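Only one structure is covered here, and it is reproduced in the block below.
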Amino acid sequence: MRTRVNRIELFGTTRRVTFGPGLNIVVGPISTGKTSLLELCRIAFGASVHDLPPEIAAISAIHADLTVGEIQFDVLRPLTDTRKEFVTVRLGGNTLSLTNDASSFRPEISRASSRKERYSEWLLSMFGLPKISVPKAPTKDDSEPTPVSIRDYFMYCDLPKEEIRTQVFSHKDTYKNNKRKYVFELLYGLYSAEMANEQARLRDVRAIRAQSEIHVRAVDAVLRESPWGHAAAIAKEVAAIERELQLLDEARAGVAEASMRNYGVEGLRNEIRELDEKLEVVERAIRELKADRTRKKRLLAQINVQVTKLSRAMTARMALGQLKFILCPACGKPVAEDRVDVKHCVLCTQAIDLSEPSLEELATEQSRLAHQIDETEEILEQRAVELASAEVDLAELVASREALGQRLDTVLSHYVSDRAQSIADIASREATLRERLEQKRKIFEFVSNRQSAEDQIRALLEEEDELLAAIRAFRRNTGDAEIRITMLEREMSRILLRLNPPGFIDASSVTINRKTYLPEVGGRTFASLQSEGLTVEVNIAHALAHHIVESKLGGKLPSILFVDSPSGAFGRDGYDPRRVEAIYRELRAAVEAIDFQIIVVDTSIPRSMEESVVLRLSETERLVPD
Amino acid sequence: MKAEFFEPSVEGKARALVLIRTFSEPASDQFLDGWAKLFRIDFLVRYPGVLKSILENRSRVAMFAIRKLEESQMDTIEERMLMHKWGPWDPSHYAHVGWLYSTGLITSARKGNMTRFQVSETGVDVAERLRENEDWGHVFARAELVRAHVNLSARGITELIEENMPRFDRSRVGEYI
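If you're matching them up, the sequences are chains P and Z in order. In case it helps, numbering that gives the first Met the number 0 puts the first sequence at residues 0 to 625. In case it helps, numbering that gives the first Met the number 0 puts the second sequence at residues 0 to 176.
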């Protein structure tokens with residue numbers, strides 16, 4: 000994928016370096032800051048800011064103008080690794096603030112401590128590369144996971160001075176070599192994010208299984224020391240105890256019933272029941288009598304009121320009835336006595352209604368009422384007698400009921416004291432059985448847990464097998480990868496052929512080892528190549544071949560290469576200007592063949608390469624002026 | 000209005016005579032002052048329960064006087080009265096008092112806008128004949144308790160009734176009390 004450093008500005012100095020697409024050469028004598036410039040370019044792409052050389056201590060931050068794919072963006076990155084400092088990215092109109100990705104990558108901690116995205120993770124997404132973790136030990140699928148970061152991909156874009164003669168992309172560092180191989184597999188389709196997930200799942204499954212196995216072993220250890228058998232036997236024992244408990248319950252109930260019969264308890268109870276029924280009848284009768292008495296008293300009061308009224312009416316009639324009008328109520332003058340007869344009104348002279356009851360009739364009514372009062376009072380007296388007798392009955396019944404209750408209590412207490420021993424025996428037997436039952440149930444649970452742990456282990460083993468099969472199947476099914484690796488071999492061989500190193504036989508002699516993913520020439524490993532110049536040429540050819548193949552296949556490898564001192568690497572003895580020139584020629588050919596940026600720093604360069612020089616440093620014109 | 004149910008009766012005439020007799024003396028300066036007072040004292044005589052609770056709350060002396068009341072009649076109401084604008088009312092009393100006047104049992108006089116009633120000598124004789132009857136004796140007893148302990152203006156008596164009778168509601172004009 001197109002990857003470019005367009006410009007880099009060093010804060011704290013006045014230095015600003017502009018790079019173009021294609022080949023960019025920085026030339027200058029030793030100790031003028033060439034290597035530091037490459038280091039700063041790597042930092043712009045997410046490399047660590049740890050252990051920076053002292054000569055760039057004056058630089059507080061870098062400001063880089065970068066291109067990834069079709070996107071151009073600005074990065075402002077401080078050269079300190081504290082978490083307070085942020086990497087600022089300006090992309091289009093947006094400004095992102097990301098964490099300064101300097102400390103070692105620990106996913107679980109970083110997620111908890113910082114909510115902000117890391118710059119290196121952001122870059123991974125810019126390149127469209129997956130965020131995955133791989134086993135630390137490549138041969139053990141379930142070994143501790145380690146993430147594949149953007150720096151691991153950039154290993155393929157870097158030929159540092161101290162490694163260009165001796166190592167292929169840091170292959171002598173075990174940790175880096177592991178990552179280098181994973182990146183190779185990811186790039187060439189030998190490994191994938193899905194497979195990483197399956198490996199992660201395998202790790203989890205094995206961890207859970209290990210725990211379950213520890214549990215089972217612990218349970219086994221306890222069981223070995225104990226007389227308990229397996230779950231089924233314990234279940235049988237539990238059932239036996241339960242049955243015995245039930246029998247005990249039944250026996251107790253039977254014994255109690257029979258004994259109570261012997262003591263005459265049942266007879267007493269029946270008597271009490273009969274008494275209670277009688278009591279209820281008497282109580283109900285008393286309630287009714289009392290209600291009747293209240294009703295009668297109310298009636299008596301009403302009759303009395305009527306009698307009073309009658310009495311008053313009669314008296315008033317006798318006192319007032321004979322009186323004659325002597326004054327006219329209208330004018331107050333005397334009224335003539337002989338105006339009318341007794342059958343007419345003295346005032347209006349109209350006939351008087353004589354239909355109102357006579358004094359005799361009123362007297363008859365009065366005596367009728369008096370008789371009614373007598374009758375009612377008689378009934379009331381009778382009710383009082385009945386009530387008194389009923390209350391006596393009630394008192395007697397209550398007394399008998401109490402006596403019977405006491406008798407029953409006495410009989411029962413005798414029964415209890417007589418049976419106390421056997422009751423206690425049964426109770427103690429029951430307590431023992433219950434305790435044993437509880438114990439057995441716990442053991443049963445314990446043993447059952449072991450059983451379920453074993454079942455889980457079995458299920459986990461099955462899942463492990465499936466996962467391993469899937470992983471193996473994926474590793475087998477990499478036909479396309481083989482084609483790609485063959486392309487790489489051919490490309491590398493073609494470049495190496497043009498570099499024309501001594502002792503190089505033919506194109507077919509360049510191979511990539513399918514286990515180490517390291518180049519081999521003429522059947523010899525990189526480490527066993529004697530000539531210093533040859534290792535540089537192999538390294539250059541190998542790196543260029545990777546980028547060319549990746550570019551042709553549309554891969555995601557950052558299409559940029561940093562090369563430090565290809566000429567110096569030949570050493571004094573092996574130095575041959577023609578071979579150095581050939582290397583530079585191949586670098587140029589590569590940038591012409593594909594969309595590729597190469598930044599080379601060197602002490603001296605072939606004359607033909609002068610036009611590609613972007614910066615010339617010297618003792619007086621250092622990268623970071625004193 | 001239920002005034003049409005209140006027809007004059009012999010008992011009504013007799014009770015009006017008892018009240019005027021109790022509150023006045025013949026040929027003296029003692030009168031029963033006005034119709035309103037006649038209605039209010041009649042109410043206390045007809046509602047012995049209300050009279051009892053007024054006496055209980057009135058004074059220690061009044062409390063002791065309750066003993067003179069006939070216990071069996073405490074819960075009864077002899078004859079209901081109507082609620083009028085200013086208090087208890089019985090329209091039949093207009094006929095009763097008119098009859099008492101025409102038969103010469105009472106006399107009347109005016110003081111300003113108020114009509115005052117006074118018993119005549121004949122009225123005293125007739126009242127004494129009524130008193131001989133035990134049942135009328137109770138009515139006399141109540142009327143005398145009222146004169147002794149609740150001899151207030153018509154308005155004063157109405158306020159006492161209001162304080163001592165929870166269901167007494169002046170707003171229910173025309174309803175039975």
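For every residue, glycine included, the Cβ atom is placed at its ideal position computed from N, Cα and C. Predicted model, so just to flag it, every value in this text is computed and none were measured.
Query                                                                                                                                                         : Result
With a threshold of 8 Å between beta carbons, is Z/Gly48 in contact with chain P?                                                                             : no
Closer than 8 Å, CB to CB, is P/Thr409 near chain Z or not?                                                                                                   : no
DSSP on P/Ser113, reduced to helix/strand/coil?                                                                                                               : Note on P/Ser113: pLDDT 47, under 50, position unreliable in the model; the coordinate value appears next. The answer is coil: DSSP assigns P/Ser113 none of H, G, I, E or B.
Would you call P/Thr173 buried or exposed, if buried means 16 or more other Cβ atoms sit within 10 Å of its Cβ?                                               : exposed
Within the segment 30-79 of chain Z, note down every full alpha helix (DSSP H) run reaching 4 residues or more, in order along the chain.                     : 34-45, 47-57 and 59-64
Within the 8 Å Cβ cut-off, does P/Ile325 reach chain Z?                                                                                                       : yes
Quick one: does Z/Tyr93 have its CB under 8 Å from some CB of chain P?                                                                                        : no
Is Z/Glu120 helix, strand or coil by DSSP?                                                                                                                    : helix
For Z/Phe139, which of Z/Ala61, Z/Ala26, Z/Pro47 and Z/Trp88 has the nearest alpha-carbon?                                                                    : Z/Pro47
Checking contacts by CB at 8 Å: is P/Val339 closer than that to chain Z?                                                                                      : no
Against P/Arg292, what residues of chain Z qualify as contacts under a CB-to-CB distance less than 9 Å, listed in chain order?                                : The contacting residues do not exist; P/Arg292 stays about 17 Å from chain Z at best.
Which chain A residues sit within Cβ distance under 7 Å of Z/Arg128?                                                                                          : No chain A appears in this structure, whose protein chains are P and Z.
Would Z/Asp134 count as contacting chain P if we go by Cβ distances under 8 Å?                                                                                : yes
Who are the near neighbours of P/Glu236 in its chain, counting only those whose CB is closer than 8 Å to its CB and skipping five residues on each side?      : Lys439
What are the boundary residues of the beta strand (DSSP E) that P/Ile351 is part of?                                                                          : Note, P/Ile351: premise wrong, no beta strand (DSSP E); not H, not E.
Just grab the DSSP bridge partners of P/Phe85 for me.                                                                                                         : P/Thr98
Helix, strand or coil: how does DSSP classify Z/Ala108 here?                                                                                                  : strand
If I measure Cβ to Cβ from Z/Ala178 and keep anything under 8 Å in the same chain, skipping five residues before and after, which residues do I get?          : The requested residue 178 of chain Z does not occur in the structure, where chain Z is confined to residues 0 to 176.
Name the chain Z residues that come within less than 7 Å of P/Leu322, Cβ to Cβ?                                                                               : Thr102
Under three-state DSSP, which class holds Z/Ser192?                                                                                                           : Residue 192 of chain Z lies beyond the residue range present for chain Z, which begins at 0 and ends at 176; the question has no answer from this structure.
Give the DSSP-derived three-state secondary structure of P/Ile425 in the structure shown.                                                                     : helix
Just how far apart, CA to CA, sit P/Arg311 and P/Arg283?                                                                                                      : 43 Å
Between the segment 444-464 of chain P and the segment 204-217 of chain P, can you find at least three pairs of beta-carbon atoms closer than 8 Å?            : yes
For Z/His179, report the span of its alpha helix (DSSP H) as first-last.                                                                                      : For residue 179 of chain Z there is no data in the structure shown, the boundaries of chain Z being 0 and 176.
List the residues of chain Z that P/Ser399 touches, going by C-beta distances under 7 Å, in chain order.                                                      : Ordered by position in chain Z, no residue passes the 7 Å Cβ test against P/Ser399, which lies about 42 Å from the chain.
Please classify P/Gly307 as buried or exposed, where buried requires at least 16 other C-beta atoms within 10 Å of its C-beta.                                : The amino acid at residue 307 of chain P is misidentified as Gly; the sequence shows Thr. Looking at its Cβ environment, which holds 16 or more other Cβ atoms inside 10 Å, P/Thr307 is buried.
Using a cut-off of 7 Å between C-beta atoms, extract the partners of P/Ala362 located in chain Z.                                                             : Residues of chain Z passing the Cβ test: none, with the nearest at roughly 14 Å.
With DSSP as the reference, label P/Thr31 as helix, strand or coil.                                                                                           : coil
Could you spell out the range, first to last residue, of the alpha helix (DSSP H) harbouring P/Glu282?                                                        : Val264 to Leu319
CB Z/Val9 to CB Z/Ala142, shorter than 8 Å?                                                                                                                   : no
Would you call Z/Ile113 buried or exposed, if buried means 16 or more other Cβ atoms sit within 10 Å of its Cβ?                                               : The question names Ile, yet the displayed sequence has Met at residue 113 of chain Z. Result: exposed.
Run down chain P in chain order and give the residues with a C-beta less than 7 Å from the C-beta of Z/Val75.                                                 : Residue identity check: residue 75 of chain Z is Thr in the sequence provided, not Val. Those are Val304, listed as they occur along chain P.
Does the beta carbon of P/Pro356 sit closer than 8 Å to a beta carbon anywhere in chain Z?                                                                    : no
Are there 16 or more other CB atoms within 10 angstroms of the CB of P/Cys156, so buried, or fewer, so exposed?                                               : buried
Could you say if the segment 460-478 of chain P and the segment 186-199 of chain P meet the contact criterion of at least three C-beta pairs nearer than 8 Å? : yes
Does the count of Cβ pairs from the segment 37-50 of chain P and the segment 146-163 of chain P closer than 8 Å reach three?                                  : yes
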